[in-house]
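**Q** This is the structure I have questions about; it appears just below.
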Amino acid sequence: MAISKPSLTDLIKNLKLILQSRYSATKQNSRDRHPLSKMEPSEPQDYVTRTALQEIDTVEISPLHPEYMVIGTYSLVKTSEPRDYEAQTRKGTLQILPVSSIFKPKYAGMLPPSLDKLDFSCAIVDIHFHPSDPSLLGAATSIGEIHFFRFIKHGDVLGRRVLVRLIPLGIAKVAEDDQHGLSALVTQFTWLPDLSTHGIRDLNDFQRVGLAFTTSFGDTKIASLEIPAIRDLNDHRVSSTKPPDVHFKREQVSHHELEAWTVSTFPLASTHDNTTCLVLSGGDDSALLAAQVTLPNLSSSQFDEDQTITSSPLWKERRTHTAGVVAILPLPRIRTTTSSRGGPETVKEIVPLVTGSYDEILRVFELDLVTFRPTLKTEISLSGGVWRLKVLDQYSTLSLHGASNDEHLIDKDQKIGIVHDSGRQDSDLGNVKQHTLILASLMHTGAMLLRLTYSHRPLPGEDAWTVTPLTKFRAGHESMVYCCDASLEVDDQELGGMGSNPSEPLRGQESETRDSNGKGKDKASPTLDANTQHHKGSPPMYTVVSTSFYDMKICTWKFVDEYKATVKHNAAASGVRIGK
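Here it is as structure tokens:
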């Protein structure tokens, strides 16, 4: 009897059934293990909205000058528009903007700031300031390049206007085109924390840095680069022509079957010569990949040019996420202590790992530092694709005698012991909790702030890990929120003198203040002094910037960490101190 060949329609139908069955089983298993939270976060009452000139897909507030931010834009070139080259399909900009939409002159005759705006014949996909040099900015593009800039702020010759500039330092073509000439998008990159400076200052000095990146071709790679250490406009290497090519070495780390969207690193060990780190990546194939990478020590004054970068794959996890993995956030390692009754204590170090996915679920894993394998601990549905995650703050609390309603703020480096004013020390050390304040970009759901908590001694029936949604902001956005950033408000005196908060409505763009119902207001809420707040016992306040893509909206709003203020007040008022 002849067996007929199945039609293409039958094959597609069977494939859909298999995928649906796998999806349903995975979702059911996830629900059985970790019920999803139903907590409803609050919503900010006031916000300020502006409209940009192009679609915004990445934003960073300057760590040095937090009154300014940099946005990167991503637009498709229309058929009627002129092109810089025949195959151009995208365009973009890097633009410095004030975080506040209102210009507040500090003295009579002070003019609004002059802020840089750079045009590109490609899209800007991702931007980041270097963690060890906050004036160094990297910008990933849609044509496989990463551009490097120096962010500087200075006054004009008359002292009446602030000038904020991006000085081009160089370009690295880190991802090659395919055999058909199609360019790879550098979908995300992350700096390695170390760097070093070599050469003669202002003559030929350069910074040796490292970064990991992902591409639309599914690749995850790591690179070490030498970037000119230009610090100001007086450097003879500053050129009005195209910036120089940056010398770099790179190594393939892993490969996804579809687009790779996110990458993160975690330091494992360091010697005088080498640094070893864990590189994690996620992609459209719903896979989370891990590899161990060894590269020359970037912070060492000695550097062997012949030393290579090596990479070893560790594992591939694709059973947990039911859609593309688009955000990865490793947190500082945690030391846990367990002991059986009458037995010795067992000390174990874990790395908390938070992931975001198109399936709208934020997941928390623990990475074992011996096997490096992840174990899913909890998850929560955030009702929107979890596109980006950023840590704003981390702190620890102590619940005296295990009382969850009597928590005290403690220093992160303190060893726990309860010392009363009388000098008596309790044997019951209570429950230590470690909290992480996270800002999430949730695509069609907007932006959200949440608190991730690890409890060293959870009460009976409690999980060690909990996720608490705090604030969700959606009112000012009409399309996908792909990027957000935030900064803790500080004393105006600390912002660098002349030109602090030098903000103004964007020329040719709308700027208005609205309440949570979308109604216009006369003026924006005043900026508060965070240092004064701390002195008065008031809670820390953050200025949050969230952006949406298609409607090109920039929204600025406030978040107040009332919980941290409460536990800080408890520590001051309790009559106990935390000692070593």
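Residue numbering for the sequence shown follows my numbering, beginning at 61 and increasing consecutively. Think of the CB as a built atom: it goes at the ideal place given N, C-alpha and C, for glycine as much as any other residue.
Helix, strand or coil, according to DSSP, for K624 in the structure here?
**A** For this step, residue 624 is matched to residue 564 along the sequence shown. Assignment of K624 by DSSP, reduced to helix, strand and coil, places it in the helix class.
**Q** Once DSSP output is grouped into helix, strand and coil, what is the label at L460?
**A** Taking the first residue of the sequence shown as 1, we reach residue 460 at position 400. Reduced to three states, the DSSP call for L460 is helix.
**Q** Just the C-alpha distance for D481 and N491, rounded to the nearest angstrom, thanks.
**A** One-based indexing of the sequence shown puts residue 481 at position 421. One-based indexing of the sequence shown puts residue 491 at position 431. For D481, the predicted structure reports a pLDDT of 44, less than 50, and the residue's modelled location is therefore unreliable. A value from the coordinates is still provided. Rounded to whole angstroms, D481 to N491 spans 21 Å at the Cα level.
**Q** So, with DSSP's three-state summary, where would you put T587?
**A** Here residue 587 is taken as the residue at index 527 of the sequence shown, counted from 1. Reliability fails at T587, whose pLDDT of 37 lies under 50, so the model's placement of it is uncertain and no value is given.
**Q** Pick out the complete beta strand (DSSP E) segments inside the stretch 252-328, 3 residues or longer, and give them in chain order.
**A** 256-258, 266-275, 279-288, 307-315
**Q** Using the three-state DSSP reduction, which class does N357 fall into: helix, strand or coil?
**A** One-based indexing of the sequence shown puts residue 357 at position 297. It is coil, neither helix nor strand.
**Q** Taking the beta strand (DSSP E) that Q148 belongs to, which residues open and close that run?
**A** As a first step, residue 148 is located in the sequence shown; it is residue number 88 there, counting from the start. It is not in any beta strand (DSSP E) - Q148 carries neither H nor E in the DSSP assignment.
**Q** Taking K613 as the reference, give the member of T626, K624, V541 with the closest Cα.
**A** Along the sequence shown, read from residue 1 onward, the residue named residue 613 stands at position 553. Minimum Cα distance to K613 is reached at V541.
**Q** Which same chain residues end up closer than 7 Å to A351 when comparing Cβ atoms and leaving out the 5 residues on each side of it in sequence?
**A** One-based indexing of the sequence shown puts residue 351 at position 291. These residues qualify, in order along the chain: V313, S314, V339, S371, S372, P373, L374.
**Q** Got a sec? Which residues, its chain only, sit under 8 Å from T368 by beta carbon, not counting five neighbours each side?
**A** The residue labelled residue 368 in the question sits at position 308 within the sequence shown. Closer than 8 Å at the Cβ level, and outside the excluded window around T368, lie K309, E311.
**Q** H94 by DSSP, collapsed to three states: which one?
**A** Here the question's residue 94 lines up with position 34 in the sequence shown. No answer about H94 holds up, because its pLDDT of 44 lies below 50 and its placement is not dependable.
**Q** Can the beta-carbon of V137 be found less than 7 Å from the beta-carbon of Q148?
**A** In the sequence shown, counting from the first residue as 1, residue 137 sits at position 77. In the sequence shown, counting from the first residue as 1, residue 148 sits at position 88. Their beta carbons are under 7 Å apart, which means V137 touches Q148 by this criterion.
**Q** Between the C-alpha atoms of K532 and W525, what's the straight-line distance to the nearest angstrom?
**A** Start at 1 with the first residue of the sequence shown, and residue 532 comes out as number 472. Start at 1 with the first residue of the sequence shown, and residue 525 comes out as number 465. Taking the straight line from one Cα to the other gives about 21 Å.
**Q** S243 and G204 - do their beta-carbons sit closer together than 7 Å?
**A** Translated into the one-based positions of the sequence shown, residue 204 becomes position 144. Translated into the one-based positions of the sequence shown, residue 243 becomes position 183. Yes.
**Q** Count the other CB atoms, across all protein chains shown, that sit within 10 Å of the CB of G219; report buried if there are 16 or more and exposed otherwise.
**A** The sequence position of residue 219 within the sequence shown is 159, counting from 1. Exposed is the call here.
**Q** Alpha carbon to alpha carbon, what distance is there between G278 and V386?
**A** Indexing the sequence shown from 1 puts residue 386 at position 326. Indexing the sequence shown from 1 puts residue 278 at position 218. One Cα belongs to V386, the other to G278, and the distance between them is close to 13 Å.
**Q** My output table needs one value for H495: the three-state DSSP class, helix, strand or coil.
**A** For the purposes of this step, residue 495 is taken as the residue at position 435 of the sequence shown. DSSP places H495 in strand when its eight states are reduced to three.
**Q** Determine, using beta carbons only, whether L452 and A546 come nearer to each other than 7 Å.
**A** Taking the sequence shown and counting its residues from 1, one reaches residue 452 at position 392. Taking the sequence shown and counting its residues from 1, one reaches residue 546 at position 486. Contact: yes.
**Q** Assign G132 to one of two classes, buried (16 or more other C-beta atoms within 10 Å of its C-beta) or exposed (fewer than that).
**A** Taking the sequence shown and counting its residues from 1, the one referred to as residue 132 is at position 72. Buried, since its Cβ has 16 or more Cβ neighbours within 10 Å.
**Q** Among the residues of its own chain, which have a CB less than 8 Å from the CB of R574, if the five just before and after it don't count?
**A** As a first step, residue 574 must be located in the sequence shown, where it is residue number 514. At R574 the pLDDT is 45, less than 50, meaning the model places this residue with poor confidence; the figure from the coordinates comes in the next sentence. Cβ neighbours of R574 beyond the five flanking positions: D106, Y107, V108, T109, A535, G536, G580, K581.
**Q** Grab me the residues of I116's own chain with a C-beta within less than 6 Å of its C-beta, minus the 5 sequence neighbours each way, in chain order.
**A** In the sequence shown, counting from the first residue as 1, residue 116 sits at position 56. I131, T133, T607, listed in sequence order.
**Q** Check this for me: beta carbons of S348 and E377, under 7 Å apart or not?
**A** Along the sequence shown, one-based indexing puts residue 348 at 288. Along the sequence shown, one-based indexing puts residue 377 at 317. Looking at the sequence provided, one finds Leu at residue 348 rather than Ser. A contact, by the Cβ cut-off of 7 Å.
**Q** Can you name the residues that DSSP bridges to G342?
**A** Working through the sequence shown from its first residue, we reach residue 342 at position 282. Per DSSP, T322, L348.
**Q** Identify whether A244 lies in helix, strand or coil by the three-state DSSP scheme.
**A** Numbered from 1 along the sequence shown, position 184 holds the residue referred to as residue 244. Correct three-state label for A244: coil.
**Q** One question on the structure: do S341 and A320 come within less than 7 Å of each other, judged by their Cβ atoms?
**A** What you label residue 341 is simply residue 281 of the sequence shown in a count that begins at 1. What you label residue 320 is simply residue 260 of the sequence shown in a count that begins at 1. Yes, the pair counts as a contact, with Cβ atoms nearer than the cut-off.
**Q** Going by DSSP, what residues sit across from M129 in a beta bridge?
**A** The residue given as residue 129 occupies position 69 in the sequence shown. DSSP, once it has assigned bridges, lists I121, L157 as partnering M129.
**Q** Per the DSSP calculation, V224 is bridged to which residue(s)?
**A** For the purposes of this step, residue 224 is taken as residue 164 along the sequence shown, with counting starting at 1. BP columns for V224 point to L175, K213.
**Q** Let me check understanding here. Comparing Cα to Cα, which of G230, S135, K493 lies closest to Q454?
**A** Taking the sequence shown and counting its residues from 1, one reaches residue 454 at position 394. Considering only alpha carbons, the answer is K493.
**Q** Hey, could you find the ends of the beta strand (DSSP E) T607 is sitting in?
**A** Within the sequence shown, numbered from 1, the residue matching residue 607 stands at position 547. Looking at the DSSP string, the run of the beta strand (DSSP E) that includes T607 is 601-607.
**Q** If we ignore side chains and look at the alpha-carbon of each, how far apart do A183 and R150 end up?
**A** As a first step, residue 183 is located in the sequence shown; it is residue number 123 there, counting from the start. As a first step, residue 150 is located in the sequence shown; it is residue number 90 there, counting from the start. Cα-Cα distance, rounded: 5 Å.
**Q** Under 8 Å Cβ to Cβ from Q88, same chain only, skipping five residues before and after it: list those, please.
**A** Along the sequence shown, one-based indexing puts residue 88 at 28. Reliability fails at Q88, whose pLDDT of 47 lies under 50, so the model's placement of it is uncertain and the value that follows must be treated cautiously. Excluding positions up to five away in sequence, the list is empty.
**Q** Return the residue from the list T603, D611, C544, K624 that minimises the CA-CA distance to R119.
**A** On the sequence shown, position 59 is the one that residue 119 refers to. The question names Arg, but residue 119 is Val in the sequence shown. Measuring from the Cα of V119, the nearest candidate turns out to be C544.
**Q** Does the separation of the CB atoms of F208 and I287 fall below 7 Å?
**A** Against the sequence shown, residue 208 aligns to sequence position 148. Against the sequence shown, residue 287 aligns to sequence position 227. Yes, these two residues count as a Cβ contact at 7 Å.
**Q** Only counting the same chain, and skipping five residues up and downstream in sequence, which positions put a Cβ closer than 6 Å to that of K450?
**A** Within the sequence shown, numbered from 1, the residue matching residue 450 stands at position 390. Correct list, in chain order: L499.
**Q** Would you kindly work out how many angstroms separate the C-alpha atoms of H594 and A625, rounded to a whole number?
**A** Start at 1 with the first residue of the sequence shown, and residue 594 comes out as number 534. Start at 1 with the first residue of the sequence shown, and residue 625 comes out as number 565. Any answer about H594 is weak, because its pLDDT of 45 lies below 50 and its placement is not dependable; what the coordinates show is given next. Approximately 8 Å between the Cα atoms of the pair.
**Q** Measuring only the C-alpha atoms, how far is T335 from F180?
**A** By 1-based counting over the sequence shown, the position of residue 335 is 275. By 1-based counting over the sequence shown, the position of residue 180 is 120. C-alpha separation (whole angstroms): 35 Å.
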